[in-house]
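This report concerns only the one structure given below.
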Amino acid sequence: MGSNQRLRTGGGGFPSPREPCVYSVDMDVTRGTSITPGDVNSVGALAGLAGSDVCGLYWRANATFVEENFNTFYTKASGYAILMALLCLVQIYVLLKQLQLSSTQAAAAKVSLVTVGMQAVVDSYLCLLHLTTGIVAQHIFTLFATVSFFQLIIFSIFEMRFLLVIWKARRPHQFTEGWNIMRRELTTLYSRFYISLLVGLCVIYYGWVRTYPKMCVGG
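Under the UniProt record's numbering, the first residue of the sequence shown carries the number 1, and numbering increases by one thereafter.
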């Protein structure tokens with residue numbers, strides 16, 4: 001069962017300075033009559049011809065679209081955000097326990113600096129991803145902004161503190177030779193972290209450009 005509608009616009013004529021090519025659109029819209037608007041996975045189709053007789057340009061369009069129920073999308077997004085928020089709380093608890101276990105210099109020196117640094121970079125990417133998603137989809141902004149806030153706390157407070165503890169345990173003498181030496185060590189640590197963060201963003205952007213070149217140039 002289906003319903004057909006015909007969509008036609010435009011008209012003939014000669015080009016004008018403001019409108020060089022007068023176009024026309026002739027489309028057939030098909031949609032199942034047994035499916036009401038708002039149902040999950042309601043399917044429709046669009047097919048027809050668009051072009052200009054004056055300029056001799058024609059395009060044939062065939063498209064199939066699927067309409068998703070927004071309530072279903074919001075429910076899934078809410079469930080995902082709640083799950084991620086709970087995981088962030090668990091991660092904060094684990095980091096606090098790890099900081100307690102690494103309170104001594106010998107224990108902190110055994111922890112991998114690269115592993116903790118990579119985890120901090122990944123959490124910073126997740127923070128940016130959830131915040132960007134919330135900005136793009138305004139209806140889920142509050143949920144995803146909350147998750148982004150938790151991840152901001154994780155990487156900017158707990159994981160950066162953990163990195164500092166490990167760095168200090170591996171270079172104890174540099175932190176006892178005065179403020180200038182300690183400031184230089186802190187600058188080295190934070191600069192390496194943010195350089196790694198920027199390099200990762202560049203790699204992700206380069207991979208996105210290679211995979212979806214038309215989307216990146218707006219074509």
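Here a beta-carbon is modelled for each residue, glycine too, at the ideal position from N, C-alpha and C. It should be emphasised that the depicted structure is a prediction, and the values quoted were computed from it without experimental measurement.
In the three-state scheme derived from DSSP, where H, G and I count as helix and E and B as strand, Arg-60 is classed as strand. Here the region 111–121 does not lie against the region 174–187, with fewer than 3 beta-carbon pairs under 8 Å apart.
The residues Ala-169 and Pro-172, in chain order, have a CB closer than 7 Å to that of Gln-105 in the same chain once the five nearest residues on each side in sequence are set aside. In this structure, Ile-154 sits near Gln-91, with a CB-CB distance shorter than 9 Å.
Cβ-Cβ separation between Ala-50 and Thr-146: approximately 44 Å, too far for a contact (criterion under 8 Å). In the three-state scheme derived from DSSP, where H, G and I count as helix and E and B as strand, Lys-110 is classed as coil. Secondary structure note for Arg-171: it is in no alpha helix (DSSP H), with a DSSP letter that is neither H nor E. In the structure shown, the three-state DSSP call for Ala-77 is helix. Bounds of any alpha helix (DSSP H) do not take in Gln-138, whose DSSP letter is neither H nor E. Between Val-165 and Ser-102 the beta-carbon gap is near 6 Å, inside 8 Å, which marks them as a contact. The beta carbons of Glu-159 and Ala-120 sit closer together than 9 Å. For Ile-195, the uninterrupted alpha helix (DSSP H) segment begins and ends at 179–211.
A Cβ-Cβ contact shorter than 9 Å links Ala-77 with Ala-137. Pairing Met-118 with Cys-55, the inter-Cα distance amounts to about 57 Å. Leu-197 and Trp-167 do not touch by the CB rule: their CB atoms are close to 17 Å apart, not below 8 Å. Thr-133 and Phe-144 do touch by the CB rule: their CB atoms are close to 5 Å apart, below 8 Å.
A distance of 9 Å or more separates the beta carbons of Ser-156 and Leu-131.
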